[in-house]
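The structure appears below as C-alpha cells.
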Amino acid sequence: MKVLLLNGGPHKEGCTYTALSEVAATLQAAGVETEIVWLGVKPVAGCIGCGSCAEKKACFRDDVVNEFLDKAAEADGFVFGSPVHFASASGAITSFMDRAFYAGNRRGVFTGKPAAAIASCRRGGATATFDQLNKYFTISSMPVVSSQYWNMVHGNTPDEVRQDLEGLQTMRTLGRNMAWLLRCIEAGRQAGIDFPRGAEEPLRTNFIR
428 MKVLLLNGGP HKEGCTYTAL SEVAATLQAA GVETEIVWLG VKPVAGCIGC
478 GSCAEKKACF RDDVVNEFLD KAAEADGFVF GSPVHFASAS GAITSFMDRA
528 FYAGNRRGVF TGKPAAAIAS CRRGGATATF DQLNKYFTIS SMPVVSSQYW
578 NMVHGNTPDE VRQDLEGLQT MRTLGRNMAW LLRCIEAGRQ AGIDFPRGAE
628 EPLRTNFIR
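Using this note's numbering, you'd call the opening residue of the sequence shown number 428 and step up by one each time.
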C-alpha cells in the first residue's frame, strides 16, 4: 500500500512539510509506503475550462499536476497539506486541486481511495483551510480520514511546529487511522467486498430551464 502526501507549502521543508513528515513516519511504521510530493514554487495555472483533461494529459502539459496524476493512479490513499494564506488554502494548491481533481475524477484515479487534509498556520484560519480542502474529497467519492482533532499544526517555523505537541499527535493519529482504513479496505476486497462503482449513472440538474 502507498500513500501520496502533497506538500502545498512554498518551502520544501517548511511547516507544512514538518506536519506531513509526522504523518508519513507513522504510516511507514505501520508498513505503508509513502511519498511526499512538493508542489514547488513554479506557477500552477488554474483551470481554463478547455476540457483537454478528458484526454490522457491535462492541459499545461509541463507542470506538476500531470506529474502528480501519474503517481495518483498507482496510489492507495492521499494526504494534502496546505499553509494558511489569508484564512484559506494557498493560491497554488487551490489551482492545483481544481485541475487535479477535475482531471482525476474524469479518469477515476481518486474514487474510493481514502484522503485527508492538513493545514499549517501561524495562528488562525486553519479550520477554514481544512474545510476547503475536504470539499474536494466529498465530491469525489473518497472516504475522509479523521483524527483526534482537526488536522492542523501551529507555528511560524518548523521548529515551532515541532513544539506543537498536540498538533503532532494529531498528525500521528491521522497516520494510524489512515493505515487502519487502508487495511480494512484491502481486507474487504479479499472478502469480495469492493467499492460500489457504477450503481447509477450520474445525474446533473441545472436550475435554468
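Where is the CB? At the ideal position from N, CA and C, for every residue including glycine. No experiment lies behind these values; they were computed from the predicted model shown.
Could you pull the start and end residues of the alpha helix (DSSP H) that residue i belongs to?
i	result
residue 531	518-534
residue 454	442-456
residue 490	Taken as a continuous stretch (DSSP letters only), residue 490 belongs to no alpha helix (DSSP H), as it is neither H nor E.
residue 621	Residue 621 -> no alpha helix (DSSP H), and no H or E assigned at all.
residue 553	553-565
At the level of alpha carbons, what is the spacing between residue i and residue j?
i	j	result
residue 465	residue 635	41 Å
residue 494	residue 517	20 Å
residue 500	residue 614	20 Å
residue 452	residue 633	45 Å
residue 449	residue 474	32 Å
residue 563	residue 528	7 Å
residue 602	residue 535	24 Å
residue 567	residue 592	32 Å
residue 581	residue 545	11 Å
residue 530	residue 506	18 Å
residue 618	residue 610	12 Å
Would you identify the three-state DSSP class for residue i, choosing helix, strand or coil?
i	result
residue 577	coil
residue 466	coil
residue 505	strand
residue 479	helix
residue 628	coil
residue 538	coil
Given 7 Å as the limit, tell me if residue i has its C-beta closer than that to any heavy atom belonging to the ligand SAM.
i	result
residue 582	You won't find the ligand SAM in this model; it holds no ligand whatsoever.
Using alpha carbons as the reference points, say which of the options lies closest to residue i.
i	options	result
residue 514	542, 555, 499, 495	555
residue 588	447, 429, 490	447
residue 525	617, 546, 480	480
residue 553	601, 502, 508, 611	508
residue 503	530, 529, 539	539
residue 543	593, 582, 608	608
residue 624	596, 537, 477, 593	537
residue 547	617, 629, 595, 456	595
residue 559	581, 521, 568, 592	521
residue 586	471, 442, 490	442
residue 440	429, 459, 430, 463	463
Going by DSSP, what residue range makes up the beta strand (DSSP E) through residue i?
i	result
residue 546	542-548
residue 587	Taken as a continuous stretch (DSSP letters only), residue 587 belongs to no beta strand (DSSP E), being part of the alpha helix (DSSP H) at 585-590.
residue 433	429-434
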